[in-house]
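A.B. asks:
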Amino acid sequence: MIKGAVQGVGFRPFVYRLATSLQLAGWVSNSPDGVVIEAEGRGTAVREFLVRLPKEHPPRSFIQSLEPTFLDIVGFARFDIRPSLESGSPSALVLPDIALCDDCLRELLDPADRRYRYPFINCTNCGPRFSIIERLPYDRPNTTMKAFEMCGECRREYEDPMDRRFHAQPNACPRCGPHLVLWDGDGRVLDTRDAALRTSARAIRDGSIVAIKGLGGFQFVVDARSGEAVARLRTRKVREEKPFALMYPSLDCIRADCEVSPLEERLLLSAESPIVLLRRRARRRDVVDEVAPGNPDLGVMLAYTPLHHLLVRELEFPIVATSGNLSDEPICTDERDALDRLAGIADLFLVHDRPIARHVDDSVARVVLGREMVLRRARGYAPLPVGVAGAGQPVLAVGAHLKNTIAASVGSQVFLSQHIGDLETEQALKAFRQVIDDFSRLYAFTPSVVACDAHPDYLSSGYARECGIPRVEVQHHEAHVLACMAENELKPPLLGVSWDGTGLGTDGTIWGGEFLLVTDRGCERRAALRTFALPGGDRAVKEPRRSALGALFEAFGEEALGWSHLPSVAAFGASDLKVLGGMLARGVSAPRTSSAGRLFDAVASLAGLHQRVRFEGQAAMALQFAADARVEGDAYHIPVGQGLGSADRLVLDWAPMLRQILGDIGQGVPVGTISARFHGALVDAIVAVATRVGHERVALTGGCFQNALLLERAVGRLRAAGFRPYWHQRIPPNDGGIALGQVVGAWRALRGESA
Ligand code: ZN
Ligand code: ZN
Ligand code: FE
Numbered sequence: 018m019i020k021g022a023v024q025g026v027g028f029r030p031f032v033y034r035l036a037t038s039l040q041l042a043g044w045v046s047n048s049p050d051g052v053v054i055e056a057e058g059r060g061t062a063v064r065e066f067l068v069r070l071p072k073e074h075p076p077r078s079f080i081q082s083l084e085p086t087f088l089d090i091v092g093f094a095r096f097d098i099r100p101s102l103e104s105g106s107p108s109a110l111v112l113p114d115i116a117l118c119d120d121c122l123r124e125l126l127d128p129a130d131r132r133y134r135y136p137f138i139n140c141t142n143c144g145p146r147f148s149i150i151e152r153l154p155y156d157r158p159n160t161t162m163k164a165f166e167m168c169g170e171c172r173r174e175y176e177d178p179m180d181r182r183f184h185a186q187p188n189a190c191p192r193c194g195p196h197l198v199l200w201d202g203d204g205r206v207l208d209t210r211d212a213a214l215r216t217s218a219r220a221i222r223d224g225s226i227v228a229i230k231g232l233g234g235f236q237f238v239v240d241a242r243s244g245e246a247v248a249r250l251r252t253r254k255v256r257e258e259k260p261f262a263l264m265y266p267s268l269d270c271i272r273a274d275c276e277v278s279p280l281e282e283r284l285l286l287s288a289e290s291p292i293v294l295l296r297r298r299a300r301r302r303d304v305v306d307e308v309a310p311g312n313p314d315l316g317v318m319l320a321y322t323p324l325h326h327l328l329v330r331e332l333e334f335p336i337v338a339t340s341g342n343l344s345d346e347p348i349c350t351d352e353r354d355a356l357d358r359l360a361g362i363a364d365l366f367l368v369h370d371r372p373i374a375r376h377v378d379d380s381v382a383r384v385v386l387g388r389e390m391v392l393r394r395a396r397g398y399a400p401l402p403v404g405v406a407g408a409g410q411p412v413l414a415v416g417a418h419l420k421n422t423i424a425a426s427v428g429s430q431v432f433l434s435q436h437i438g439d440l441e442t443e444q445a446l447k448a449f450r451q452v453i454d455d456f457s458r459l460y461a462f463t464p465s466v467v468a469c470d471a472h473p474d475y476l477s478s479g480y481a482r483e484c485g486i487p488r489v490e491v492q493h494h495e496a497h498v499l500a501c502m503a504e505n506e507l508k509p510p511l512l513g514v515s516w517d518g519t520g521l522g523t524d525g526t527i528w529g530g531e532f533l534l535v536t537d538r539g540c541e542r543r544a545a546l547r548t549f550a551l552p553g554g555d556r557a558v559k560e561p562r563r564s565a566l567g568a569l570f571e572a573f574g575e576e577a578l579g580w581s582h583l584p585s586v587a588a589f590g591a592s593d594l595k596v597l598g599g600m601l602a603r604g605v606s607a608p609r610t611s612s613a614g615r616l617f618d619a620v621a622s623l624a625g626l627h628q629r630v631r632f633e634g635q636a637a638m639a640l641q642f643a644a645d646a647r648v649e650g651d652a653y654h655i656p657v658g659q660g661l662g663s664a665d666r667l668v669l670d671w672a673p674m675l676r677q678i679l680g681d682i683g684q685g686v687p688v689g690t691i692s693a694r695f696h697g698a699l700v701d702a703i704v705a706v707a708t709r710v711g712h713e714r715v716a717l718t719g720g721c722f723q724n725a726l727l728l729e730r731a732v733g734r735l736r737a738a739g740f741r742p743y744w745h746q747r748i749p750p751n752d753g754g755i756a757l758g759q760v761v762g763a764w765r766a767l768r769g770e771s772a
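For the sequence shown, our numbering gives the first residue as 18, with consecutive numbering after it.
(1) Less than 8 Å separating the beta-carbons of Pro191 and Arg251?
(2) Whole angstroms are fine: how far does the CA of Gly233 sit from the CA of Ser457?
(3) In three-state DSSP terms, what is Ala772?
(4) Please state the DSSP three-state secondary structure of Val227.
(5) By DSSP, does Arg488 sit in helix, in strand, or in coil?
(6) Once DSSP output is grouped into helix, strand and coil, what is the label at Arg210?
(7) Under 7 Å: does the beta carbon of Asp474 sit that close to some heavy atom of ligand 3?
(8) Is Glu170 a contact residue of ligand 2, with contact defined as CB to any heavy atom under 7 Å?
(9) Check for me: the alpha helix (DSSP H) holding Ala619 runs from which residue to which?
(10) Are the beta-carbon atoms belonging to Thr161 and Ala399 less than 8 Å from one another?
(11) Sort Gly689, Ser581, Glu504 and Ala228 by Cα distance to Ala624 and report the nearest one.
(12) Starting from Gln236, trace the beta strand (DSSP E) both ways and give me its first and last residue.
(13) Using only CA atoms, which one of Ala360, Ile437, His418 and Gly407 lies nearest to Glu346?
(14) In angstroms with no decimal places, state the Cα-to-Cα distance between Gly105 and Gly428.
(15) In chain order, which alpha helix (DSSP H) runs of at least 4 residues are fully inside the region 561-595?
(16) Residues in its own chain within less than 6 Å of Ala587 by CB, not counting five upstream and five downstream?
(17) With DSSP as the reference, label Asn421 as helix, strand or coil.
(18) At a Cβ threshold of 8 Å, is Phe549 touching chain D?
(19) With a cut-off of 8 Å, do at least 3 Cβ pairs link the region 242-257 to the region 383-394?
(20) Taking the Cβ atom as the reference point for each residue, do His494 and His472 lie within a distance shorter than 8 Å?
(21) Report the partner residues of Ser606 according to the DSSP bridge assignment.
(22) Using a Cβ-Cβ cut-off of 8 Å (strictly less than) and excluding sequence neighbours within five positions of Ala445, which residues of its own chain qualify?
(23) Measure the CB-CB distance between Ala619 and Ser564 and report whether it falls below 8 Å.
(24) Run the proximity test for Ala185: is its beta-carbon closer than 7 Å to any non-hydrogen atom belonging to ligand 2?
(25) How big is the Cα-Cα spacing for Glu575 and Met674?
(26) In this structure, how does DSSP classify Trp764 when only helix, strand and coil are distinguished?
(27) So, helix, strand or coil for Ser426, using DSSP?
(28) Going by the C-beta, is Gly144 closer than 7 Å to any heavy atom of ligand 2?
(29) Would you tell me roughly how many angstroms separate the C-alpha atoms of Val356 and Ser340, rounded to the nearest one?
(30) Could you spell out the range, first to last residue, of the beta strand (DSSP E) harbouring Arg393?
(31) When the Cβ atoms of the region 274-294 are set against those of the region 317-332, are three or more pairs found closer than 8 Å?
(32) From which residue to which residue does the alpha helix (DSSP H) around Thr673 run?
(33) If you drop the 5 nearest sequence neighbours on each side, which residues of the same chain put their C-beta closer than 6 Å to that of Leu12?
(34) Are at least three pairs of beta-carbons, each pair with one atom in the region 646-660 and one in the region 595-613, less than 8 Å apart?
(35) Taking the beta strand (DSSP E) that Ser46 falls in, what are its first and last residues?
(36) Closer than 7 Å: is that where the CB of Met167 sits relative to any heavy atom of ligand 2?
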C-alpha cells in the first residue's frame, strides 16, 4: 500500500513500467486510500522494485508512506493495471490542479498534432485535478469529465500503459472533449471553438471586459495597457484600489516590467503557477498604473491552462486576470450563475462545457528571505495536507473571519481548504458551508470536535456553535503561532510573535501585537504592545486616522486632539473630532487594542500617507513601501518594560516613539526615513522581548509578517542575536492559515495542554 499524492500523476503507469522491466508479475490498482500493488518475482527483483519505487516516482507524485507486506505466492502470469478498488475510506490525497506541461504545450502549438489549438489538452503530468474531482477514487466516472465519452483514439491512449495519457482522467481531444463557446451579455452564442477564442482576443484588444471560465472559476480579463478598460473594470467590479493580478505572455515580457530573481522565475514556471508578487521596474513599458495604484509590486503569473496559453499568444501583451466575482464575493464557477451575477461587469463570456467541481482561486505567493511564501493558498497548493505530529481526534476547524479557509484532520494529516474569502457576504457564507460539506464528502470525514475562533461574532464561530458536536475555541493569535509551528514541524517550547490587525484576546480586549510563549502545558501571553483605544471600533480598519487619534490620545491626552497641523487630526471636521474625543475621554465605543496592525495604520496616517483606505492593510503597506532601504540604523526606540496588570508580562511602550515621530514630522524628515526608523524600532523591540523571554526559537506569524521588510529585518536581527527564527512558507501568515492552528489548538486542548 502506497499513500500520498499518487493518484492522477501517472503513478500506476510508472509502477507498471518498473515492474515489467524487472520481470515482476502482479497488479497495481487505485484504492480510496492510495495505491495498492502486488508484485512477485525473484527476491532481488522485488527488493530492487521496493528501492526504486520511492526513488524514481513521477515528478508530480509525492509518496507519503509505503507499507510493504510479504504474502504467499499467487502465481501471476503478468503485470496488470486493475480497475480501482472501491473499499476503504477515501484518505488518498486529492491532487491540486497542475499547470500545462511542456509536452502538452508543444502539441498544443503543433499544427500537425490532432490536439493543435485544443484548449483542453492535458496528460498524466498536467491538467485539472482538484477542480474536476467529484469523489474518490480519482477515476473518470468520478470527475466532471464523466459526461464526455472518449473517442477511439483517446481511449487507446488512455488504455496504453506506455502512453503519456495512460489513465489521464481528463483526457480529451477536439472530437470527444469539451469545447469553447462565446456568449454576449445575454447568453446568446456569438462564436464557438477556435473562433470563440479568436473573437474574445479581438474584443480584449478592443478594450472589452471578457469573463473567462478558467480552471477553478471565472476570471475577468482586460487589456492591462488600457487605463480606460482597467478603470471600467474597477468601477463595475466595485474594487477601487486593490491591486489586480496580471497574466503575461512570456517570462521575457515579465522581465521587461519587473525584476525576476532565479527563485521567482522558478515559482512563475512551477506546476503550482501562482500569482507572484514582483518588484516593478522604475521604467516599465505598458502596464497602466490603475492596475496596482501606489504599489511598487505587481502580482504576475504566466499562462497555466492551454486556454490561457492560446489567449496570451494571440494577444502578446499583458492582461489583467482577476477573480470573476463582484467585490469580495467568492469566485463564480458556473456559466449560468456567472451570466446572472457578472452580467453588469463583463461584456462577453468565454465559457465551455467542462463543469468545475469546486471553486479554486489563483494562489498568491512571493519570495522572501530566499524562500517562497504563500499568501493565498488555492490553485496548485490546495488541498495538499500538512502532516502534524501528535495527532488527535478528527477535528473540523472553521477558521476566522477574513481570508477564511477551513481545515479537516484525517489521522495526522491536516487538509487545509482552498481560499474561501471574507465571510462578509451571503455568497461567501454559502461557499464556506459548501467547502465544509465538500471536504466531509470527499474525505468521508466525520469530525468529533469542531474548532473555532474565540470571537463569538464571527460567522464561522456561529457555524461551529450550531454543529452539535463538542466545540473548542482557539484564541486567534495562539492559532497563528500553532499554524507556524505545525508548518515548520516545531515542538514547544517556543516564543510566538503574533502580530496582525485584529483578534479577540482571552481578556476580552482586541489583541494584535502579541508575544505568546507556547509550552506543553499551554500558552502564556508574555508581552504585548501598549494598548490604545480605537474610537468607533471596527471603523478604524477603513480609517487609519482613527487609529492615529487613539494613539495620540493614549500618548499625549486630550490636548493632542487639537494638534491640527497633524494630517490625522486635520482629516476630521471639528464636530467629528468632538464626538471622537468624547468617545476616547469616556472610553465609550472605543475598544482598547494592542494591535500592531493598527499601530502601523496610526503611523501611516501621521506620516500623511492614508487617512482612509479601501481595504485592510492598505495604509500599513504604503508605510512599508515608503521605507527608505538605505536607512538601516538610527531606529526609534520602544522601551520594553514591566506592565501594570500582570507581574511578568512585558509591555512595548510605543508612546516615546510617537513623540520621536512627531518631532521628525515637524522637522520635515522624509516619510521614507520615518518608516525605516519605525520598522527598526519594532524589530529592536522583538529582539528585546525574545532576549527577556529567553527561548531560542521564535516564530514570526500573523498578517503583519506579510510585510517583507519587517520579516527580513526581524529574522536578520534575531539570528544575529543568537535566536532561531521561523516564519511561514506554504501556509499563509495571515488569517488564511488560522484553521491549521485551530486543529492543533483543539488537539492540545483535548490533551489538556491549553492554558
Ligand atoms: Zn501534459
Ligand atoms: Zn478524443
Ligand atoms: Fe489574524
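C-beta: ideal position from N, C-alpha, C; glycine also. What you are looking at is a predicted structure, and each value in this text was computed from that prediction instead of being measured.
C.D. replies: Taking the geometry as given:
(1) Mapped onto the sequence shown, residue 191 falls at position 174. Mapped onto the sequence shown, residue 251 falls at position 234. For Pro191 and Arg251, no; Cβs fall outside 8 Å.
(2) The residue you call residue 457 lines up with position 440 of the sequence shown. The residue you call residue 233 lines up with position 216 of the sequence shown. One C-alpha to the other measures close to 20 Å.
(3) For the purposes of this step, residue 772 is identified with residue 755 of the sequence shown, where counting begins at 1. Confidence at Ala772 is low in this model, with a pLDDT of 45, below 50, so its placement is unreliable and no value can be given for it.
(4) Within the sequence shown, numbered from 1, the residue matching residue 227 stands at position 210. Here Val227 sits in strand by DSSP.
(5) In the sequence shown, residue 488 corresponds to position 471, counting from 1. Three-state DSSP puts Arg488 in a strand.
(6) Counting from one through the sequence shown, the residue named residue 210 turns up at place 193. Of the three classes helix, strand and coil, the one that applies to Arg210 here is helix, per DSSP.
(7) The sequence position of residue 474 within the sequence shown is 457, counting from 1. Because no heavy atom of ligand 3 lies under 7 Å away, the Cβ of Asp474 does not count as near it: no.
(8) Numbered from its first residue, the sequence shown carries residue 170 at position 153. Result yes, Cβ under 7 Å from ligand 2.
(9) Walking along the sequence shown from the start, residue 619 turns up at place 602. Looking at the DSSP string, the run of the alpha helix (DSSP H) that includes Ala619 is Ala613 to Leu623.
(10) Taking the sequence shown and counting its residues from 1, the one referred to as residue 161 is at position 144. Taking the sequence shown and counting its residues from 1, the one referred to as residue 399 is at position 382. Cβ distance not < 8 Å, so Thr161 and Ala399 don't count as in contact.
(11) The residue labelled residue 624 in the question sits at position 607 within the sequence shown. Per the Cα distances, Gly689.
(12) Taking the first residue of the sequence shown as position 1, residue 236 is located at position 219. Residues Phe235 to Asp240.
(13) Your numbering for residue 346 matches position 329 in the sequence shown. It is Ile437 whose Cα lies nearest to the Cα of Glu346.
(14) For the purposes of this step, residue 105 is taken as residue 88 along the sequence shown, with counting starting at 1. For the purposes of this step, residue 428 is taken as residue 411 along the sequence shown, with counting starting at 1. Note that Gly105 has pLDDT 48, beneath the 50 cutoff, so the model's placement of it is unreliable and the number below is only indicative. If I take the Cα positions, the gap works out to 14 Å.
(15) Within the region 561-595, the complete alpha helix (DSSP H) segments of 4 residues or longer fall at 561-573 and 584-587, listed in chain order.
(16) Reading the sequence shown from its first residue, position 570 is the one you call residue 587. Cβ within range, chain order: Ser581.
(17) Locating residue 421 in the sequence shown gives position 404, where the first residue counts as 1. Of the three classes helix, strand and coil, the one that applies to Asn421 here is strand, per DSSP.
(18) Absence of chain D from the displayed structure is noted, only one protein chain being present.
(19) As far as the Cβ criterion goes, the region 242-257 does not touch the region 383-394, which means the pair count is below three.
(20) Taking the first residue of the sequence shown as 1, we reach residue 494 at position 477. Taking the first residue of the sequence shown as 1, we reach residue 472 at position 455. Taking 8 Å as the Cβ cut-off, His494 and His472 do not qualify as a contacting pair.
(21) By one-based count along the sequence shown, residue 606 stands at place 589. When beta bridges are read from the DSSP output, Ser606 appears opposite no residue.
(22) Position 428 of the sequence shown holds residue 445. Take Ala445, set aside five residues on each side of it, and the residues of its chain with a beta-carbon closer than 8 Å to its own are Asp345, Glu346, Pro347, Asn421, Ile437, Gly438 and Asp439, in chain order.
(23) Your numbering for residue 619 matches position 602 in the sequence shown. Your numbering for residue 564 matches position 547 in the sequence shown. Contact flag set, yes.
(24) What you label residue 185 is simply residue 168 of the sequence shown in a count that begins at 1. Not under cutoff, so the answer is no.
(25) Along the sequence shown, one-based indexing puts residue 575 at 558. Along the sequence shown, one-based indexing puts residue 674 at 657. Near 18 Å, if we compare the C-alpha coordinates of Met674 and Glu575.
(26) Your numbering for residue 764 matches position 747 in the sequence shown. In the structure shown, Trp764 falls within a helical segment according to DSSP collapsed to helix, strand and coil.
(27) The sequence position of residue 426 within the sequence shown is 409, counting from 1. In this structure, Ser426 counts as strand in the three-state DSSP scheme.
(28) Translated into positions along the sequence shown, residue 144 becomes position 127. With a cutoff of 7 Å, Gly144 does not count as near ligand 2, since its C-beta is closer than that to no heavy atom of the ligand.
(29) What you label residue 356 is simply residue 339 of the sequence shown in a count that begins at 1. What you label residue 340 is simply residue 323 of the sequence shown in a count that begins at 1. According to the sequence displayed, residue 356 carries Leu and not Val. Computed Cα separation, rounded: 15 Å.
(30) Within the sequence shown, numbered from 1, the residue matching residue 393 stands at position 376. Membership of Arg393 in the beta strand (DSSP E) is indicated by the continuous run Arg388 to Arg393.
(31) Enough Cβ pairs lie closer than 8 Å, so yes.
(32) By one-based count along the sequence shown, residue 673 stands at place 656. Sequence inspection shows Pro at residue 673; the Thr mentioned does not correspond to that position. It spans Ala672 to Gly683 - the alpha helix (DSSP H) in which Pro673 sits, taken as one unbroken run.
(33) Not covered by the structure: residue 12. The range shown for the chain is 18 to 772.
(34) Flag = no, the region 646-660 and the region 595-613 do not touch.
(35) Position 29 of the sequence shown, counted from the start, is the residue given in the question as residue 46. For Ser46, the uninterrupted beta strand (DSSP E) run begins and ends at Ala42 to Ser48, by DSSP.
(36) Taking the first residue of the sequence shown as 1, we reach residue 167 at position 150. The beta carbon of Met167 sits closer than 7 Å to at least one heavy atom of ligand 2.
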